[in-house]
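Note sheet for the following structure.
Residue numbers (the working numbering): 58 to 261.
Shown next as structure tokens:
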């Protein structure tokens, strides 16, 4: 996996980097289990934006539950969840939908298409994304995650790289799947204090 060096001029004590194994909320785990039991032959994973809050200074509004399913099953998952959570489930929401409706809910559920060949991990038999996927998603999907942009996006990336092991190879491979590899590399190099490995930084 790719390596990196993080330079922090502040006198904070350097902490040992660790694997990204967040404490998902019971609500998310129940939601994930419900969907995967209802659609056992469909690739599905879920996560929640609460795991990003520790990386931020300005805390966003509600915790968002993100549910991703294979393209052919997206609408079925959406309808299934909508019956159980009326008014709280949104399919592929754009920024306007997020502002007007989704963010007015306590814990809205956002359903979207799963991009193939994504970095994921299994915890207690359920599928969750790896940190690299979450970072790429909030960078690439500026409609859904518009409130994570600007200085907060810089903080999230810097703090995530400082606290956890991040595989550059995994990060940029998935960014390539989202057609955002070049833009992501430029963002990290130009706007953050993260130093990418030279072999990956110079890669096309």
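Think of the CB as a built atom: it goes at the ideal place given N, C-alpha and C, for glycine as much as any other residue.
These numbers come from a predicted model, not from an experiment.
| Item | Value |
| --- | --- |
| Close Cβ partners of residue 177 (< 8 angstroms) along its chain, the five nearest in sequence each way excluded | 102, 184, 185, 186, 187, 190 |
| For residue 125, the three-state DSSP class (helix, strand or coil) | strand |
| Local conformation of residue 170 per DSSP, three classes | strand |
| Proximity test, residue 135 beta-carbon vs the ligand NAP heavy atom, cut-off 6 angstroms | What this structure holds is no ligand at all, so the ligand NAP is not there to describe. |
| Cβ pair count under 8 angstroms reaching 3, the region 123-136 against the region 146-153 | yes |
| Contact belief for residue 167 with residue 123 at Cβ below 8 angstroms, rounded distance in angstroms | 5 angstroms |
| Residue 175 in three-state terms, based on DSSP | coil |
| Start and end residues, alpha helix (DSSP H) containing residue 156 | 152-157 |
| Buried or exposed (CB count within 10 angstroms, at least 16 for buried), residue 114 | exposed |
| Assigned secondary structure, residue 237 (DSSP; H/G/I helix, E/B strand, else coil) | coil |
| Sequence-distant residues of its chain with Cβ nearer than 7 angstroms to residue 192 (five each side left out) | 214, 217, 228 |
| Extent of the continuous beta strand (DSSP E) run through residue 146 | 146-148 |
| Local conformation of residue 109 per DSSP, three classes | helix |
| Length of the line joining the Cα atoms of residue 80 and residue 125 | 19 angstroms |
| Those residues which DSSP pairs with residue 186 across a bridge | 177 |
| Cα-Cα separation, residue 145 to residue 163 | 8 angstroms |
| Alpha-carbon spacing of residue 264 relative to residue 119, whole angstroms | The structure shown does not extend to residue 264, since the chain spans only 58 to 261, so no value can be given for it. |
| Nearest-angstrom Cβ-Cβ length linking residue 225 and residue 246, presumed shorter than 8 angstroms | The pair is not a contact, with the Cβ atoms about 12 angstroms apart (cut-off 8 angstroms). |
| C-beta atoms of residue 77 and residue 231 nearer than 7 angstroms | no |
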